[in-house]
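First the structure, in the form of structure tokens, and then the observations on it.
2 protein chains.
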Amino acid sequence: MSRQTGPKVSRPEPLATPMEDTDIIDFEIIELFFFAYRDFVSDPDAILEKSGFGRAHHRVVHFVNRNPGMTVADLLDTLKITKQSLARVLKQLIDSGYIRQVAGPEDRRQRKLYPTKSGRELALALAEPQSRRIERAFEGASAEVREGVKAFLSGMRDRQKAD
Amino acid sequence: MSRQTGPKVSRPEPLATPMEDTDIIDFEIIELFFFAYRDFVSDPDAILEKSGFGRAHHRVVHFVNRNPGMTVADLLDTLKITKQSLARVLKQLIDSGYIRQVAGPEDRRQRKLYPTKSGRELALALAEPQSRRIERAFEGASAEVREGVKAFLSGMRDRQKAD
DNA sequence: AAGATATGTCAGCTTTATTGACATAAATTT
DNA sequence: AAATTTATGTCAATAAAGCTGACATATCTT
Chain A
1 MSRQTGPKVS RPEPLATPME DTDIIDFEII ELFFFAYRDF VSDPDAILEK SGFGRAHHRV
61 VHFVNRNPGM TVADLLDTLK ITKQSLARVL KQLIDSGYIR QVAGPEDRRQ RKLYPTKSGR
121 ELALALAEPQ SRRIERAFEG ASAEVREGVK AFLSGMRDRQ KAD
Chain B
1 MSRQTGPKVS RPEPLATPME DTDIIDFEII ELFFFAYRDF VSDPDAILEK SGFGRAHHRV
61 VHFVNRNPGM TVADLLDTLK ITKQSLARVL KQLIDSGYIR QVAGPEDRRQ RKLYPTKSGR
121 ELALALAEPQ SRRIERAFEG ASAEVREGVK AFLSGMRDRQ KAD
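Sequence order for the protein chains is A and B. Take full-length UniProt numbering: the final residue in the first sequence is number 163, and no numbers are missing along the way. Take full-length UniProt numbering: the final residue in the second sequence is number 163, and no numbers are missing along the way.
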């Protein structure tokens, strides 16, 4: 296929030894985290594709339900995506009747976002399998471990970057 | 803008109350997990974009380094993506000298994948900030909590689905 | 010899993101 | 009042990373 035709290039030797955890690198957790998240989002993904929505819609529905009245700017800040990326997704959710916009009572430039009843239901339906998965993962865990997991996940976040 | 022009459609009322944790839904962990993962992958993303690579390249480099000699089929299985999706990314990594293919010694149809020296270095460079983040998140955690976090992450994975 | 398997490749499509440019309405500053 | 800034929306083009379907090749198995 790519059978080395041109002038012979000396290619570096392949390494056969696996990369293991070292003093400085914790590959085990890195990998566990990857698999955990991959499967964690697969539940809602399966539900969403029936409605023609994707992961991006899920995030928007989730946060608007958690913080009704949040503005578009708040949402951009939370999701760390661009305005244009959000726009399409948000428009579809509004057109489908899952989210409503209301002009801000003080600042009328703002568009405050609220879930509708069906938006609330969608958010709950999406969260349910994830929540069951979490409960399963906690099976047999002590209260200390449960709190420890929360602290760990919280500690994985970026510290506030100047703004 | 989208100023309701046509026949008046009665739109559902917006809901103003936030969704809180219930007996059945654990929104807190769902959200912590989202933020944790978002920031966790942002470190390598920043490194990768300098080389013109993306998240997909990272995953391939990681797993080939962890399991040198794995085949293309193994990788497809691990990443749960399609052959065609993998092909483009893998080709770029091979062309750039980070990964080498070697025909299987027993089954010569197989292409066993190995990292080169620079492939190993890339994998380590990508893992390093993630590992520091993990260590930071574990600060002050007891051995029990550390084990509990691993068990939790492991428990979040899908159980084996029949194959 | 026939069929199955592992891989590669071509062509086209979709989703989710990106950037840049510009428009509008409302609030704020001068 | 005029100018500027802010919050939002929108148009156009692009990119990354996935997808499906179809087909080719080499190799192994029966």
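Virtual Cβ for every residue (Gly too), placed ideally from N, Cα, C. Keep in mind the model is a prediction, meaning the values are calculated, not measured.
Rounded C-beta distance between residue i and residue j? I'm assuming under 8 angstroms.
| i | j | result |
| --- | --- | --- |
| isoleucine 94(A) | glutamine 101(A) | 6 angstroms |
| alanine 137(B) | phenylalanine 152(A) | 5 angstroms |
| leucine 124(A) | methionine 70(A) | Not confirmed; about 18 angstroms, so no contact. |
| valine 145(B) | glutamate 20(A) | About 23 angstroms separates the two Cβ atoms, so there is no contact after all. |
| phenylalanine 40(B) | arginine 133(B) | 6 angstroms |
| proline 115(B) | proline 68(B) | 6 angstroms |
If you draw a straight line from the C-alpha of residue i to the C-alpha of residue j, how long is it?
| i | j | result |
| --- | --- | --- |
| valine 149(A) | alanine 87(B) | 37 angstroms |
| threonine 82(A) | valine 61(B) | 28 angstroms |
| serine 154(B) | glutamate 106(A) | 48 angstroms |
| glycine 52(A) | proline 129(A) | 19 angstroms |
| methionine 156(B) | aspartate 74(B) | 22 angstroms |
| glutamate 147(B) | glutamate 13(B) | 47 angstroms |
| aspartate 158(B) | alanine 103(A) | 43 angstroms |
| glycine 54(B) | glutamine 92(B) | 11 angstroms |
| glutamate 135(B) | serine 142(B) | 13 angstroms |
| glycine 97(B) | leucine 122(B) | 11 angstroms |
| leucine 126(B) | lysine 117(A) | 44 angstroms |
| valine 89(B) | valine 89(A) | 28 angstroms |
| valine 64(B) | glutamate 31(A) | 13 angstroms |
| proline 18(B) | phenylalanine 27(B) | 11 angstroms |
| serine 42(A) | arginine 66(A) | 21 angstroms |
| residue 244(B) | histidine 57(A) | This structure leaves residue 244(B) out entirely; chain B is present only between 1 and 163. |
| valine 72(B) | glutamate 49(B) | 24 angstroms |
| leucine 79(B) | isoleucine 29(B) | 25 angstroms |
| arginine 59(B) | glutamate 139(A) | 29 angstroms |
| isoleucine 99(A) | glutamine 110(A) | 15 angstroms |
Go ahead and label residue i buried or exposed: buried means 16 or more other beta carbons lie within 10 angstroms of its beta carbon, across all protein chains shown.
| i | result |
| --- | --- |
| serine 131(B) | buried |
| alanine 16(A) | exposed |
| isoleucine 24(A) | exposed |
| glycine 119(A) | buried |
| threonine 22(B) | exposed |
| arginine 108(B) | exposed |
| alanine 46(A) | exposed |
| aspartate 77(B) | exposed |
Could you tell me whether any non-hydrogen atom of the ligand FAD is closer than 7 angstroms to the CB of residue i?
| i | result |
| --- | --- |
| phenylalanine 35(B) | In terms of ligand content, the structure shown is empty, and the ligand FAD therefore cannot be addressed. |
Item to check | the segment 19–37 of chain B: positions lying closer than 8 angstroms to chain A by Cβ | outcome: Met19, Ile24, Ile25, Asp26, Phe27, Glu28, Ile29, Ile30, Glu31, Leu32, Phe33, Phe34, Phe35, Ala36, Tyr37
Checklist entry - What are the complete beta strand (DSSP E) segments, minimum 3 residues, inside the segment 71–155 of chain B? => result 99–103, 111–115
Item to check | chain B contacts from the segment 113–124 of chain A (Cβ-Cβ distance under 8 angstroms) | outcome: Tyr114, Pro115, Thr116, Lys117, Ser118, Gly119, Arg120, Ala123, Leu124
Next on the checklist: Please give me, in chain order, every unbroken run of the alpha helix (DSSP H) with length at least 4 that falls completely inside the segment 8–73 of chain A.
Outcome noted: 27–40, 42–51, 55–66
Checklist entry - the segment 53–77 of chain B: which residues have C-beta closer than 7 angstroms to a C-beta of chain A, in chain order? => result So the list reads Asn65, Arg66, Asn67, Pro68, Gly69, given in the order they occur along the chain.
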